[in-house]
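Residue numbers for the sequence shown follow this note's numbering, so the first one is 8 and each next one is one higher. The beta carbon of each residue, even a glycine, is placed where N, CA and C say it ideally should be.
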Amino acid sequence: MQRLLALLAAVLALTGCGYNDFQRLDEQSKAAWSEVLNQYQRRADLVPNIVATVKGEANFEQETLTRVIEARAKATSIQVTPETLNNPEAFSKFQQAQGELSGALSRLMVVSERYPTLQANQGFRDLRVTLEGTENRITVARNRFIQTVQEYNVLARSFPTNLTAMVFSYEPKPSFAVANEAQISTPPAVDFSASKPKP
């Protein structure tokens with residue numbers, strides 16, 4: 008009988024100190040992270056189609072395409088496991104590789120505006136719309152992940168649940184960070200005097 012009472016007291020203590028909340032939020036953050044990875048994979052799968060379509064444009068800059076191909080290779084080469092969520096260094100490395108791919112794709116879209124025949128290509132327009140949709144999905148998935156990590160981290164740092172975090176080694180999880188914060192906070196310069204491309 009005493010064992011049963013002790014077990015019941017332990018269950019009540021764990022429930023009251025946030026143990027179950029840690030389990031719930033940990034699973035939510037993993038699920039949210041899986042959705043981020045799913046959207047990154049969707050984008051990586053789309054890149055070869057974009058590159059193949061764009062290559063059809065004879066005058067297109069090969070350097071831009073090469074950067075996209077290299078960035079995709081780097082982004083897909085990093086192995087991501089559930090442990091990545093709790094490893095700030097690995098998490099940062101993965102974020103950086105995905106950021107490089109985002110930047111390369113952005114440059115590709117900007118440069119492609121110079122080619123009227125490419126812009127008139129229905130296949131390219133469809134791919135561009137799909138890519139823009141994918142980027143939006145990535146943003147939504149990231150936001151959901153950020154929210155779940157924030158809830159988890161608040162729980163890990165708040166009293167008395169921080170005691171549970173200490174006992175069970177529930178460390179705060181890393182969240183998304185912006186590598187080029189100073190750069191993106193500077194308003195972009197708009198210049199309409201750029202020379203037109205050669206026909």
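- Residue 102 and residue 124 have their alpha carbons spaced roughly 34 angstroms apart.
- Collapsing the DSSP output to three states places residue 25 in coil.
- A direct Cα-to-Cα measurement between residue 26 and residue 37 gives close to 17 angstroms.
- Between residue 146 and residue 115, the gap from beta carbon to beta carbon reaches 9 angstroms or more.
- Here the segment 168-176 makes no contact with the segment 44-52; the two share fewer than three CB pairs at distances below 8 angstroms.
- In this structure, the beta-carbon distance from residue 117 to residue 79 does not fall below 9 angstroms.
- With 16 or more other CB atoms across the displayed protein chains lying within 10 angstroms of its CB, residue 155 is buried.
- Taking a contact as a CB-CB distance under 8 angstroms, the pair residue 91 and residue 82 does not count as one, their CB atoms being some 14 angstroms apart.
- Sequence-distant partners of residue 68 (beyond 5 residues in either direction) whose C-beta falls short of 8 angstroms from its own C-beta, in its chain, are 118.
- For residue 154, the enclosing alpha helix (DSSP H) covers residues 129-164.
- Rounded to the nearest angstrom, the gap between the Cα atoms of residue 158 and residue 113 is 32 angstroms.
- By alpha-carbon distance to residue 52, the top candidate from 160, 138 and 179 is 138.
- Spatial neighbours of residue 58 in its own chain (CB-CB distance under 7 angstroms, excluding positions within 5 residues in sequence) are listed in chain order as 72, 75 and 76.
- Residue environment for residue 61: buried (at least 16 other C-beta atoms within 10 angstroms of its C-beta).
- Annotated three-state conformation of residue 118 is helix, per DSSP.
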